[in-house]
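One line per chain: the protein sequences are A and B, in this order. Using the UniProt record's numbering, the first residue of the first sequence is number 1, and each one after it goes up by one. Using the UniProt record's numbering, the first residue of the second sequence is number 1, and each one after it goes up by one. Just so you know, even glycine gets a beta-carbon here, dropped at the ideal spot from N, CA and C. None of the values given here were measured: they were computed from a predicted structure. Everything on this sheet refers to the single structure shown next.
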Amino acid sequence: MRYMDDTVVMKRMSKRITFNKVWKALFFLATTFALVTLAILLYRIVTQGIDYLNIDFLTNFASRFADKAGIKAALIGSLWLMAVVAPVSIILGVGTAIYLEEYAKKNRINDFIRMNISNLAGVPSIVFGLLGLTIFVRMMGLGKSILAAGLTMSLLILPVIIVAAQEAIRAVPNEQREASYGMGATKWQTILRVVLPAAIPGILTGSILAMSRAIGETAPLVVIGIPVILQFLPNGLLSQFTALPMQIYDWAKRPQEAFQYVAAAGILVLMTVLLLMNSIAIFIRNKFQKRY
Amino acid sequence: MVSQKENKTSSVQQLIANSRNQKTKKIVEKAMPTLLFSAAIISILTTFGIVFTLIFETFEFFKRVSITDFLFGTKWLPFSGNEPLFGILPLIAGTLKVTLIAVVVAVPFGIASAIYLSEYASEKTRRIVKPILEVLAGVPTIVYGFFALTFVTPLLQEIVPGLKLFNALSPGIVVGIMILPMITSLSEDAMSSVPNSMREGALALGATKFEVAIKVVLPAALSGIVASVVLAISRAIGETMIVSLAGGSTPKFDLNVTDSIQTMTAYIVQVSTGDAGYGTTIYYSIYSVGFTLFIFTLLMNLLAHYISKRFREVY
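Here it is in structure tokens:
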């Protein structure tokens, strides 16, 4: 019987160990690729946009001249848009989630609703724009208004809110429901006074994240035909308006170089809004979320 | 006496109030499920709305343009005056070029970082990197488009000779960066759910961490990884703002990636920002293109769903 040759074993082993080290380094580099890209992206936008970002920029309307261009109409427009999107999408989304988690029995219709929601999440946003253009703008005659755009955006982020709310509701332990029934509460009382309060942090976190997606979404607005250069602020739900990403899109595609800096300044405003919303979401998640 | 009487009446009133309360309670209990069900129906109505809109308006389009010309035509010239051509192949070619480049960028980087995060990284690193990836996933696509146009394209022009201002390469790479977090995070989930006993078994046999990752974890998590890639491809196909800012508006049926291109989504944007009057052939053409896009992404989503269901390993 021949013993193993130590030198051969050592050689192969050291080769395998080096292999492991080299690949570990490669995997690490791949991970840093994403982080470096994010850093470059943020650095570029901050250095390009910071000089243009001042009070005038925030309080001026859009202009043909780069140095007079401002973002007032778009900023206010985006806030109006959220005023429609937030109630509509949260009410519909949470309602659907409650139905699916608390009431839905296992049957074909409910399976279909579940499958449908996951498919809807994969539909490109531009297709929602086509839906909004046909149904809300033309068929319902809402025009290129805040209401039409808001309803379109609500449908777009609805699947995200439903899934987040479902997870939050599912995380409420059954013992709490049973205790509530044990006290003589009805099903709806249990949902309203026990399940929902416990699930609200999770629902809010998911909703805010969905909302920040709606603020950054451009494609549906373009398809609906939201105008860009507006010299007035919206005064109602049926009023014309423009929004932050539309304004940025318009600046970014202008050939004059000066508008690149204006676009970067606009992006800074948009990213600041997103950052604020994300920090609120993280704050809520950390502060209120309980583990059972 | 008096007090007793008072007591009696008040208790009767209470009883009446109680029974009234009971009645509203009953109504609420019965109405709520129906009300909530109608909220759930909205999402189904949305899908029907999308499908019917697309089919209806596309049907209108095919009254004017023949289906065979649309499906097999290699020239997409909707704006050429009296003889417009509507062959969708150039738009599909543009879309696939961008998608392919995005996949070439995102898949190796995405899976490699997923391996790093799930197999090598410490809990602390993971806690820092994952939220950053979430930020990357939350950056609006319009910002990525701006980044492609003003940073990546000029950078690539230094390296690739003859690269046009609008091309397929730059938006392709940036779309890849956009879908990267999705692949990383979903693949990492798939790998993390591979039970530790399998890793420990392999390590006990003398395997290195690399061998464990490639020969044990990767095959075990393959269905989840493939599903994440297919979902990412679907996202890349439907991506709009990056390609319409940095890709250009020249639909071409070829394999060139240094030239200006047009994708399906970018065409819809081009028509939407221009003035295509309601009822013109060009107006209806955006629905036919949207329908084609919808079919592509739907197939991809169903495929991803099927893969993750069908090939899921149960431990």
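The beta carbon of residue 250(A) is closer than 7 Å to those of 228 in its chain, skipping five residues each way along the sequence. Chain A has no Cβ within less than 8 Å of the Cβ of residue 243(B).
Contact between residue 147(A) and residue 237(A) holds, since their C-beta atoms are separated by about 4 Å, short of 8 Å. Of the candidates 28(A), 6(A), 230(A), 103(A), the residue whose Cα lies closest to the Cα of residue 122(B) is 28(A). Between the region 248 to 260 of chain B and the region 38 to 54 of chain B, the count of Cβ pairs shorter than 8 Å is below three; the stretches do not touch. With contacts defined as CB atoms closer than 8 Å, residue 218(A) and residue 141(B) qualify as a contacting pair. In the DSSP assignment, residue 95(A) falls within the alpha helix (DSSP H) that extends over 72 to 98. What residue 204(A) touches in chain B, judged by beta-carbon distance under 7 Å, is nothing: the nearest beta carbon there is about 17 Å away.
The DSSP assignment places complete alpha helix (DSSP H) segments of no fewer than 4 residues inside the region 31 to 111 of chain B at 67 to 72, in order along the chain.
In this structure, DSSP gives residue 240(A) an extended state, which the three-state scheme calls strand. Contact between the region 206 to 222 of chain A and the region 155 to 163 of chain A is present: three or more C-beta pairs spanning the two stretches fall below 8 Å.
Listed along the chain, the chain B residues whose CB falls inside 9 Å of the CB of residue 256(A) amount to none; the nearest CB is some 13 Å away. The secondary-structure analysis by DSSP pairs residue 145(A) across a beta bridge with 240(A).
In the pairwise beta carbon analysis, the region 175 to 187 of chain B is classified as touching the region 108 to 116 of chain B: at least three pairs are separated by under 8 Å. For residue 66(B), the number of other beta carbons within 10 angstroms of its own is below 16, and it is reported as exposed. Not flagged as an interface residue toward chain B: residue 227(A), since no C-beta distance is shorter than 8 Å. Along the length of the region 220 to 290 of chain B, whole alpha helix (DSSP H) runs at least 4 residues long occupy 222 to 238, 241 to 246, 264 to 273, reported in chain order. In the three-state DSSP reduction, residue 257(A) falls in the coil class, being neither helix nor strand.
Counting C-beta pairs closer than 8 Å gives three or more between the region 206 to 215 of chain B and the region 17 to 33 of chain A, which meets the contact rule. Scanning its chain for C-beta atoms nearer than 6 Å, with the 5 sequence neighbours on each side dropped, one finds around residue 249(B) the residues 262, 270, in chain order. The residue from 47(A), 97(A), 50(A) with its alpha-carbon nearest to that of residue 203(A) is 97(A). Of all residues in the region 119 to 130 of chain A, the ones placed with a Cβ closer than 8 Å to any Cβ belonging to chain B are 119, 120, 122, 123, 124, 125, 126, 127, 128, 129, 130, in chain order. The C-alpha of residue 118(B) is placed about 38 Å away from the C-alpha of residue 263(A). For residue 48(A), the CB contacts under 6 Å within the same chain, skipping 5 residues up- and downstream, are 261, 264 in chain order. For residue 140(A), no alpha helix (DSSP H) segment is defined, and its DSSP state is neither H nor E. Within the same chain, Cβ atoms closer than 8 Å to the Cβ of residue 73(B) are found at 85, 86, 87, 88, 89, the five residues on either side in sequence being excluded.
If you check the CB distance, residue 196(B) and residue 259(B) do not come in under 8 Å.
Listed by position along chain A, the residues whose Cβ is nearer than 8 Å to that of residue 44(B) are 112, 113, 116. Judged by DSSP in its simplified three-state form, residue 53(A) adopts coil rather than helix or strand.
Around the beta-carbon of residue 91(A), fewer than 16 other beta-carbon atoms lie within 10 Å, marking it exposed.
At the C-beta level, residue 269(A) and residue 233(A) stay beyond 8 Å of one another. Taking a Cβ-Cβ threshold of 9 Å, the residues of chain A close to residue 301(B) are 118, 119, 121, 122, 123, in chain order.
For the options 268(B), 153(B), 91(B), 182(B), the alpha carbon positioned closest to that of residue 171(B) is the one of 153(B).
Here residue 57(B) is not near residue 267(B), since their CB atoms are 8 Å or more apart. Contact annotation: residue 224(A) and residue 281(A) have beta-carbon atoms that are not nearer than 8 Å. Neighbours of residue 188(A) in chain B, taken as residues at a C-beta separation under 7 Å, are given in chain order as 28, 29, 32.
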